[in-house]
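Everything in the sequence shown is counted per my numbering, starting at 246 for the first residue and increasing by one.
Here a beta-carbon is modelled for each residue, glycine too, at the ideal position from N, C-alpha and C.
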Amino acid sequence: MLGHPWRPWEPAQVAPLLESTGRPWLVAGGFAIDLFVGRRTREHTDLDVFLLRRDQQAVHEALPGWEVYAADPPGHLRPWTAGETLPLGVHDIWCRPSAEEPWRVQFMLDEADGDTWISRRNPQVRRPLGELRHTAPGGIPFLAPEVQLFYKARGRRPKDEQDLDVARPHLSGPQRDWLRHAILTTNPTHPWLARLAS
């Protein structure tokens, strides 16, 4: 199942379906970096969408009739039916229109307490929810680039390094400061810290 092909949708394809739910959502991953800098910077192997755990049923509301799978446990996909509440350890949801089609969109569930986002990687890293949302000129909401880069800092895959290189010149001073502090909180020897200081 995990080996099945991906052919991700573009953010503009999924946006109207998600808007219809009335729940907050944000384009995440590499597409979020593209929306931040205003251009396509690389090919994307998936489309990530940030969604609060408390709004997880929005997936079924937005994509009725689709095949929806939860990574439960991580690394193993199982069908996820509407109405079931996913446990705290489950963060990823893969979706495709049918078994014959490739995966199109992946939802990443994140935590919040009231109006405060709490990083699942380190609960000391927090942010008002209102500061997570940026909007592209076409109206598509995307995850604040500094928050997306914080998530990417963990893996440091080649595409994550590329996304940092692309986004760094566009980050404001406060965005850069927030990212440095968040990384410092989780990994005080991370090599990105020096790059963000220059």
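Practice item. For Arg421, I'd like the list of residues in its chain whose CB is within less than 6 Å of its CB, leaving aside the five on either flank, ordered along the chain. Key: Leu441
Practice item. Locate the alpha helix (DSSP H) running through Asp300, then write down its first and last residues. Key: Unbroken run through Asp300: none, as it is neither H nor E.
Exercise for review: Assess, as a yes-or-no matter, whether the stretch 409-420 is touched by the stretch 272-283 under the definition of 3 or more beta carbon pairs within less than 8 Å.
Suggested key: yes
Practice item. Quick one: give me the first and last residue of the alpha helix (DSSP H) that Trp270 is part of. Key: Per DSSP, Trp270 belongs to no alpha helix (DSSP H); it is in the beta strand (DSSP E), Trp270 to Ala273.
Check your understanding: When DSSP labels each residue in this structure, what does Ile338 get in the three-state scheme?
Key -> strand
Exercise for review: Work out the CA separation of Asp355 and Val370 for me, nearest whole Å.
Suggested key: 12 Å
Check your understanding: Who are the Cβ neighbours of Arg399 in its own chain at under 7 Å, not counting the five residues just before and after it?
Key -> Arg366
Exercise for review: Could you tell me which residues DSSP pairs with Leu354 in its beta bridges?
Suggested key: Leu296
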